[in-house]
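Residue numbers (the working numbering), protein chains in the order written: chain A, 1097 to 1482; chain B, 664 to 935; chain C, 31 to 313.
All residues carry an ideal CB built from backbone N, CA and C; glycine is no exception.
Below is one structure, written out as structure tokens; the observations come after it.
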């Protein structure tokens, strides 16, 4: 039996994390009481390579940087720190699907400097000439060897680097177990079947073709990325059948889950972690049939107006210390070994962030074909119109 | 009857009340009251993006109103004396401009401009002398927004001014001509004062429409942000009471404007 | 200078603007509607009717709009008329201005914020929680066509009140007195004197609201939870998510055609009904 020599108990750690996330205590208090602040400082002293390089604070990068990203994906305190260090304010535009980001970029003049594409979209962006190659010389905190390759490979197309990894994650569903009456929910079959029965009017699906159509396909055991018309037709029938029982079609499901309007939703890892931390009855579940494993990246769109600020922001956010704070805030796992070295054991062993191997193996990375396939896009549009 | 009116007013002001109430919320969420605080007003006012969006909205609205009133009045004056094909064509175009849903104006402007820019930008690159860092690149922004808004608002001005002109006493104009006034003189001293209320109303309506517009800006503003766009993004970003604070401030400003206008009008009347 | 040329000059700026920013873009939309979707989205030049053939896939969106828009207009009319009547006929002229201002004031707050207040009022923490307290449980109001209807009526009520008020205000009160003196009941007076004279205002109000409602997208988006699609939502999706510009153009053209037909038909109806002069009106 190992003796618990940690400076803080697991329960107290989680409680303090919750209070910090809610905004009830300051970051300094949190870092202090959990010992993380000390740990970071000690590590920084012991391993100089880990100390944040102040590259992003050099020179005048302008007064703003526009970021296009996903919901609940960052620690606001990090942005404030960035503004303090560089004088540039971060404007955050939030999107619920890669299709929306692509549409905005295709229409031209998006005004973004940095955006967060998912692994399967990058080849399309390169093909449509909407993205710029990354000049790693401007990213002092970028260390290619520190990234796990399966979560970093999609960032390079034909040998050129276009995107650097932010975090990875999975797509499952979040269920408020208080409404389950002791039953266990483990499959996508249950997700859709129970929506039509006991969870009628309480379920949400994403406003996002990849995950909504993908998980409907999983109900039948088909591939998450299928573009086969026959399989898609079955998925469409299921979705339209389920639609009257849905509470909403939205990728911004946290508010509804939090205030009890929704009890069940397709959910991403970090949102699952955030919800579970604040409301322990809400569990994050990976459907046994499978689903999506994904990796998100930072990239710079073509024609970004504030390029220096863009590089400064990316450099800042991939700094291990900053990234560690991001993880604590958003709850998504990261593929960067340097960042992982700074995270407490509880996070690294958290089953929400790091699911069991047999569940992970069943998951598929999204395929580029789903983004360009007109059938999938039209299916989603028909489903929403129905 | 009075009870009914009261009920309707309550219905109208219930959401407003909710908005104002939560703008003073101490907590982060606009769905649970956790205490009283004015922090969100401070945050909204010191938020550079809010101020930026406000500035853009006001500039676009003002320029739109100027163009609309000016060109619209000119067109109204021209049209009322015309007959024939050109007049019929114009009437049809104005009719379409007013009747077409804003979303279609937004889409049409988006598609039209993107197509035009896709043709012009490469041309500019080849034709522009390579001094000062190359050709300017045409893209969506405040200009496209003003251009799109003016379509609707200019039509509004034309309709308003024409209605006013039609209701005018022609005898006055004839009398002015009989008294040897030049056409310009007649215009300046007889016509203009009479149509001025309509022109002013058109100006105000154009400003309001442009300032409050979301749907056209959503499609056409490109990298610019107007206040409605900012508010919409805030709703997607995660609702904090900052949005409530902004809404309350806009409401208060409108109220103030109305009160000031009323006082000025009252004083103008008293002076007469 | 020749009057004709003065006119042409005065007309030129507006004319050029309309040509460049309205006529040409609409023609582009028309052309796009016969095209095809590009591989990753967008538009690819072609000439095909497949976009128009695909219109039925959005039938529900058309249905939702063509049912809820008139329903919303009617509901707004029914609520607005008594209020306009009260303000024009029954209220003391001194406080009338203030009351009128109070009607228009909510209109000055962004419709976005007002709609999102309804999300709270109709959501789990609002009315349903109040109903819960008196024992009526499990009521779901948000993300339903009902919520969208409420949002519509609420959003457009001021716009409906004003034209009706204006036409009622011009009503000569002595007509009402005369009617009463001649032995008509209040209801008959209303039906035969007040109502017909207020019809122009009613027509203007309904037309304004209806036109705006046909293009509506925000209220269904916010209060419908992504489940209630209007034509406006379908259009936003086609251009900003599905990225099918060709089909989106076809839907836009269809919407404009529907609008032209209904508005023109409605105008003829109203003009015939009230025998109005052409020019002096707004429409």
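Query                                                                                                                                                                                                                           : Result
Report yes if the C-beta distance between residue 1284 of chain A and residue 1388 of chain A is below 8 Å; otherwise report no.                                                                                                : no
Under 7 Å: does the beta carbon of residue 1191 of chain A sit that close to some heavy atom of the ligand ATP?                                                                                                                 : Within the structure as shown, the ligand ATP is missing, as the structure has no ligands at all.
Identify whether residue 1143 of chain A lies in helix, strand or coil by the three-state DSSP scheme.                                                                                                                          : With a pLDDT of 49 at residue 1143 of chain A, under the threshold of 50, the modelled position of that residue is not reliable, and the figure given next carries that caveat. Of the three classes helix, strand and coil, the one that applies to residue 1143 of chain A here is coil, per DSSP.
Under a CB-based cut-off of 8 Å, is residue 269 of chain C close to chain B?                                                                                                                                                    : yes
Just to check my reading of the structure: residue 814 of chain B and residue 768 of chain B have Cβ atoms closer than 8 Å, yes? What is that Cβ distance to the nearest angstrom?                                              : 6 Å
Can you find a C-beta in chain A that's less than 8 Å from the C-beta of residue 217 of chain C?                                                                                                                                : no
Cβ closer than 8 Å: which chain B residues qualify as neighbours of residue 336 of chain C?                                                                                                                                     : Outside the modelled stretch of chain C, which goes from 31 to 313, sits residue 336 of chain C, for which no answer is possible.
Taking the C-alpha atoms as reference points, what is the distance between residue 146 of chain C and residue 906 of chain B?                                                                                                   : 10 Å
If you measure from the beta carbon of residue 886 of chain B to each beta carbon in chain A, is any gap under 8 Å?                                                                                                             : yes
Return no unless some Cβ of chain A is closer than 8 Å to the Cβ of residue 79 of chain C.                                                                                                                                      : no
In or out: residue 709 of chain B buried (at least 16 other Cβ within 10 Å) or exposed?                                                                                                                                         : exposed
According to DSSP, residue 1391 of chain A sits in a beta bridge with which residue or residues?                                                                                                                                : A/1264
Between which residues of its own chain and residue 1372 of chain A is the CB-CB distance below 7 Å, once the five residues before and five after are set aside?                                                                : 1378, 1379, 1380 and 1448
Rounded to whole angstroms, how far is the Cβ of residue 737 of chain B from the Cβ of residue 289 of chain C, which I believe are closer than 8 Å?                                                                             : About 28 Å separates the two Cβ atoms, so there is no contact after all.
Helix or strand or just coil, what does DSSP make of residue 1341 of chain A?                                                                                                                                                   : helix
Please report how far the alpha carbon of residue 298 of chain C lies from the alpha carbon of residue 239 of chain C, in whole angstroms.                                                                                      : 18 Å
Any idea if residue 1433 of chain A is buried or exposed, counting beta-carbon neighbours within 10 angstroms, 16 or more meaning buried?                                                                                       : exposed
I want to verify the contact list: residues of chain C whose CB lies under 7 Å from the CB of residue 875 of chain B, in sequence order.                                                                                        : 140
Compute the Euclidean distance between the alpha carbons of residue 1179 of chain A and residue 1187 of chain A, then round it to the nearest angstrom.                                                                         : 11 Å
Roughly how many angstroms separate the alpha carbons of residue 77 of chain C and residue 283 of chain C, rounded to a whole number?                                                                                           : 16 Å
Using 8 Å as the cut-off, can you tell me whether the segment 199-212 of chain C makes contact with the segment 242-255 of chain C, which would need three or more C-beta pairs spanning the two stretches below that distance? : no
Residue 1271 of chain A by DSSP, collapsed to three states: which one?                                                                                                                                                          : strand
For a quick check, are the C-beta atoms of residue 88 of chain C and residue 281 of chain C less than 8 Å apart?                                                                                                                : yes
Examine chain A for any beta-carbon lying closer than 8 Å to the beta-carbon of residue 127 of chain C, and answer yes or no.                                                                                                   : no
Take every Cβ of the segment 716-726 of chain B, pair it with every Cβ of the segment 182-194 of chain C, and state whether three or more of those distances are shorter than 8 Å.                                              : no
Give the straight-line distance between the Cα atoms of residue 1382 of chain A and residue 1363 of chain A, rounded to the nearest whole angstrom.                                                                             : 9 Å
Got a sec? Which residues, its chain only, sit under 6 Å from residue 139 of chain C by beta carbon, not counting five neighbours each side?                                                                                    : none
Check whether the Cβ atoms of residue 1485 of chain A and residue 1429 of chain A lie closer than 8 Å to each other.                                                                                                            : Any question about residue 1485 of chain A goes unanswered here, given that chain A covers just 1097 to 1482.
Just to make sure I have the definition right: I need the residues of chain B whose C-beta is within less than 9 Å of the C-beta of residue 296 of chain C. Which are they?                                                     : Here the premise fails: no neighbours, minimum Cβ distance about 11 Å.
On a Cα-Cα basis, can you pick out the residue from B/899, B/850 and B/764 that is closest to residue 839 of chain B?                                                                                                           : B/850
List the whole-angstrom C-beta distance separating residue 1451 of chain A from residue 1217 of chain A, where the pair is believed to meet the contact cut-off of C-beta under 8 Å.                                            : No, residue 1451 of chain A and residue 1217 of chain A are not in contact; Cβ-Cβ is about 24 Å, not under 8 Å.
Pull out every residue of the segment 1394-1414 of chain A whose Cβ sits closer than 8 Å to any Cβ of chain C, in chain order.                                                                                                  : none
Could you pull the start and end residues of the alpha helix (DSSP H) that residue 47 of chain C belongs to?                                                                                                                    : 33-48
Between the alpha carbons of residue 1281 of chain A and residue 1212 of chain A, how many angstroms are there, rounded?                                                                                                        : 31 Å
Taking beta-carbon pairs under 9 Å, can you tell me which members of the segment 1182-1198 of chain A lie near chain B?                                                                                                         : 1185, 1187, 1188, 1189, 1190, 1191 and 1192
Closer than 7 Å by C-beta to residue 668 of chain B: which residues in its own chain qualify, once you throw out the five before and the five after it? Chain order, please.                                                    : none
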